């Protein structure tokens, strides 16, 4: 390429970059970070003195915020915004604010709460003594930092002089029974501001748990130095189950029959003992399958007295649900998952080993579909850069299948695994996408490559100029995979080549989305 041609290309990309920056700012001002608008004029109601703000990673807090805004509309105009859109100007014009905030990772804010946390939770430069607020904190009690970000948000706002109208409410995503009670209390408190209480409490999933049958299970990385990565295929026993690329499957795991029998024998209990738990009769072994048997310091009963054993079992919490990115679209005729079999300090992971080893073909699992709008495809037909590693290929695969169905060819996959020999997963499917023109660009990296070891984040810097060009032409960036290591490193590299301001603007416009865990 001649010097004048290179110079012309640089000028063209620079102009596109500037236009993209303007577009992202425009999108940032007109829509929320998930591309979900509710109500249609919610964000234009700058005169509204009531605000509902959400910090959501997987869409649950977003859904509850939409429902809360709908209830509050009975009393007048309401603004609905992602937390990162809440600034001095918004807070200055707000009298009552209701924050619905998930906790992510080690007590961190979700992606669309990071800027707010940096601006308001680490300093006391602004004062909002006129503001009354409340926080609904979402979390998972199976993790150490349960609802931590919601509590940080409550403390931070109080530190800026805002007045809490009631203490933070904690909502445990693993306890559906308690969820209804918490939401009832939340709406009762909103009712004091004129809100309507819904006749039914909101649910985070599309339906109750239903039985899905395991049709096949395949190890994708035979001979790998890492843990087995399994491709599981399920069929629904119901009709018309629908989801879209980016959605999540929630599964209730079970302890294996072997583990339950060993546990009963260890405590000298009769596994066939019939118990009545919440009005249902189950054998001891059946009940052990549902319980977290790792709970500590619970004294075993002396003998097989039914009442004593029942009381003892009730001390063990139920196993928490597990969430998996769906690796297929409904048009494929099945629901696919990718599951990495885990083993920590010699202890097999309950869910991954049950799904990957002990669940027999044709057995069923209790599964429900959950919408994840913050990882749905972009609303417009624009290029996509898909980045991930390991089992994160699940969320990317769903989008690639959907892109092929929509006849969208402008796709670029950057993906990392361990070994080119053993971990080149779905190579035939990827080759088909390439040969048919639906994946014109692909960059694979392998961390255990003896000649050129690299991680997927390294491919960001290697392809920096191409990424800038794709982004300048309006491409969306989707990341799926491990939060620690890959996702955080990819984010750092993107910010190094694009700049913090543009990455934040892309996120605000719904053009940078992550499904990481």
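Numbering (full-length UniProt numbering), first residue to last: 1 to 517. No residue lacks a Cβ here, since even glycine has one placed at the ideal position from N, Cα and C. It should be emphasised that the depicted structure is a prediction, and the values quoted were computed from it without experimental measurement.
### C-alpha distance - residue 158 paired with residue 129, whole-angstrom precision
One-based indexing of the chain shown puts residue 158 at position 158. One-based indexing of the chain shown puts residue 129 at position 129. Between residue 158 and residue 129, the C-alpha separation is close to 9 Å.
### residue 326, buried or exposed, once every other Cβ within 10 Å from all chains shown has been counted against 16
Locating residue 326 in the chain shown gives position 326, where the first residue counts as 1. Counting Cβ neighbours within 10 Å, residue 326 comes out buried, since at least 16 surround it.
### Message
My parser needs the beta strand (DSSP E) runs of 3 or more residues fully inside the segment 336–415; what are they?
### Response
If only complete runs of 3 or more residues are kept, the segment 336–415 shows the beta strand (DSSP E) at 364–370 and 384–389, in order along the chain.
### Query
What three-state label does DSSP hand residue 467 in the structure shown?
Translated into positions along the chain shown, residue 467 becomes position 467. Annotated three-state conformation of residue 467 is helix, per DSSP.
### Short Cβ contact (9 Å threshold) for residue 401 with residue 329
As a first step, residue 401 is located in the chain shown; it is residue number 401 there, counting from the start. As a first step, residue 329 is located in the chain shown; it is residue number 329 there, counting from the start. Contact flag set, yes.
### Message
Considering only the alpha carbon of each residue, which of 363, 265 and 318 lies closest to residue 235?
### Response
For the purposes of this step, residue 235 is taken as the residue at position 235 of the chain shown. Nearest C-alpha to residue 235 among 363, 265 and 318: 363.
### Query
Given residue 354, which residues of its chain have a CB within under 8 Å of its CB, disregarding the five upstream and five downstream residues?
Taking the first residue of the chain shown as 1, we reach residue 354 at position 354. Cβ neighbours of residue 354 within its own chain (closer than 8 Å, five residues either side excluded): 253, 254, 255 and 256.
### Query
When you compare only the Cα positions, how much space is there between residue 38 and residue 80?
Taking the first residue of the chain shown as position 1, residue 38 is located at position 38. Taking the first residue of the chain shown as position 1, residue 80 is located at position 80. With a pLDDT of only 39 at residue 38, under the threshold of 50, the placement of this residue in the model should not be trusted; the figure read from the coordinates follows. Between the alpha carbons of residue 38 and residue 80 lies a gap of roughly 7 Å.
### Query
Nearest-angstrom Cα distance between residue 118 and residue 152?
Sequence index remark: in the chain shown, residue 118 carries index 118 (1-based). Sequence index remark: in the chain shown, residue 152 carries index 152 (1-based). Taking the straight line from one Cα to the other gives about 12 Å.
### Message
Using 9 Å as the threshold, is the C-beta distance between residue 548 and residue 417 below it?
### Response
No answer is possible for residue 548: the residues shown for the chain start at 1 and end at 517.
### Query
Are the beta-carbon atoms of residue 467 and residue 444 separated by less than 9 Å?
What you label residue 467 is simply residue 467 of the chain shown in a count that begins at 1. What you label residue 444 is simply residue 444 of the chain shown in a count that begins at 1. No.
### Task
Kindly confirm or deny that the segment 345–360 and the segment 262–274 touch, where touching means at least three C-beta pairs closer than 8 Å.
The segment 345–360 vs the segment 262–274: no contact.
### Task
Per DSSP, which residues does residue 446 bridge with? Please list them.
For the purposes of this step, residue 446 is identified with residue 446 of the chain shown, where counting begins at 1. According to DSSP, which records beta bridges pairwise, residue 446 is partnered with 417.
### Task
Determine the extent of the alpha helix (DSSP H) in which residue 459 is found, giving its start and end residues.
Locating residue 459 in the chain shown gives position 459, counting from the first residue. Residues 456–462.
### Three-state class that DSSP yields for residue 287 in the structure shown
Translated into positions along the chain shown, residue 287 becomes position 287. Helix.
### Continuous beta strand (DSSP E) stretch holding residue 133: start and end
In the chain shown, counting from the first residue as 1, residue 133 sits at position 133. Going by DSSP, residue 133 is part of the beta strand (DSSP E) stretching over 132–139.
### Task
Please name the residue in 415, 398, 58 and 381 whose C-alpha comes closest to that of residue 407.
Working through the chain shown from its first residue, we reach residue 407 at position 407. It is 381 whose Cα lies nearest to the Cα of residue 407.
### Task
On a CA-only basis, which of 231, 515 and 216 is nearest residue 388? Give me that one, please.
Position 388 of the chain shown, counted from the start, is the residue given in the question as residue 388. Put simply, of 231, 515 and 216 the residue whose alpha carbon is nearest the alpha carbon of residue 388 is 515.
#### Entry: Minimum C-alpha distance to residue 379 - residue among 511, 73 and 176
For this step, residue 379 is matched to residue 379 along the chain shown. For the residues 511, 73 and 176, the minimum Cα distance to residue 379 belongs to 511.
### Task
For the alpha helix (DSSP H) holding residue 593, just list the boundary residues, first then last.
Only positions 1 to 517 of the chain appear in this structure, which leaves residue 593 out of reach.
### Query
Roughly how many whole angstroms lie between the Cα atoms of residue 350 and residue 323?
Locating residue 350 in the chain shown gives position 350, where the first residue counts as 1. Locating residue 323 in the chain shown gives position 323, where the first residue counts as 1. Those two C-alpha atoms are separated by around 13 Å.
### Task
Measure from the C-beta of residue 361 to each C-beta in chain D and report whether the shortest distance is under 9 Å.
Within the model displayed, chain D is absent; a lone protein chain is all it includes.
### Message
List, from N- to C-terminal side, the alpha helix (DSSP H) runs of 4 residues or more that fit wholly inside the segment 47–124.
### Response
Taken in chain order, the complete alpha helix (DSSP H) segments of 4 or more residues contained in the segment 47–124 are 60–72, 88–92 and 114–120.
### Query
Residues bridged to residue 234 by DSSP?
The sequence position of residue 234 within the chain shown is 234, counting from 1. Paired residue(s): 214 and 335.
### Query
Taking C-beta to C-beta, are residue 156 and residue 120 nearer than 9 Å?
Translated into the one-based positions of the chain shown, residue 156 becomes position 156. Translated into the one-based positions of the chain shown, residue 120 becomes position 120. Yes, the pair counts as a contact, with Cβ atoms nearer than the cut-off.
### Of the residues 59, 361 and 334, the one placed nearest residue 240, counting alpha carbons only
As a working mapping, residue 240 is identified with position 240 in the chain shown. The residue with the shortest Cα to Cα distance from residue 240 is 334.
#### Entry: Under the three-state DSSP convention, the category residue 483 falls into
Your numbering for residue 483 matches position 483 in the chain shown. It is helical.
### Query
Grouping DSSP H, G and I as helix and E and B as strand, with all else coil, what is residue 441?
Along the chain shown, read from residue 1 onward, the residue named residue 441 stands at position 441. In this structure, residue 441 counts as strand in the three-state DSSP scheme.
### Task
Measure the C-alpha to C-alpha separation of residue 230 and residue 331 and round it to an integer number of angstroms.
Locating residue 230 in the chain shown gives position 230, where the first residue counts as 1. Locating residue 331 in the chain shown gives position 331, where the first residue counts as 1. Going by C-alpha positions, residue 230 is about 21 Å away from residue 331.
### Task
Could you give the DSSP three-state label for residue 327: helix, strand or coil?
One-based indexing of the chain shown puts residue 327 at position 327. Residue 327 falls in the coil class under three-state DSSP.
### Message
Between 487, 59 and 312, which has its C-alpha nearest residue 304's C-alpha?
### Response
As a first step, residue 304 is located in the chain shown; it is residue number 304 there, counting from the start. Closest option to residue 304, Cα to Cα, is 312.
### residue 431, DSSP secondary structure in three states
Along the chain shown, read from residue 1 onward, the residue named residue 431 stands at position 431. The DSSP-derived three-state label of residue 431 is helix.
### Residue span of the beta strand (DSSP E) that contains residue 512, given as start and end
The residue you call residue 512 lines up with position 512 of the chain shown. Taken as a continuous stretch (DSSP letters only), the beta strand (DSSP E) holding residue 512 covers 512–516.
### Message
Quick check on DSSP: helix, strand or coil for residue 170?
### Response
Sequence index remark: in the chain shown, residue 170 carries index 170 (1-based). Strand.
### Query
For residue 282, which three-state DSSP category applies?
Counting from one through the chain shown, the residue named residue 282 turns up at place 282. Residue 282 falls in the strand class under three-state DSSP.
### Message
Going by C-alpha to C-alpha distance, which of 105, 76 and 72 sits closest to residue 485?
### Response
Along the chain shown, one-based indexing puts residue 485 at 485. Looking from the CA of residue 485, the closest CA among 105, 76 and 72 belongs to 105.
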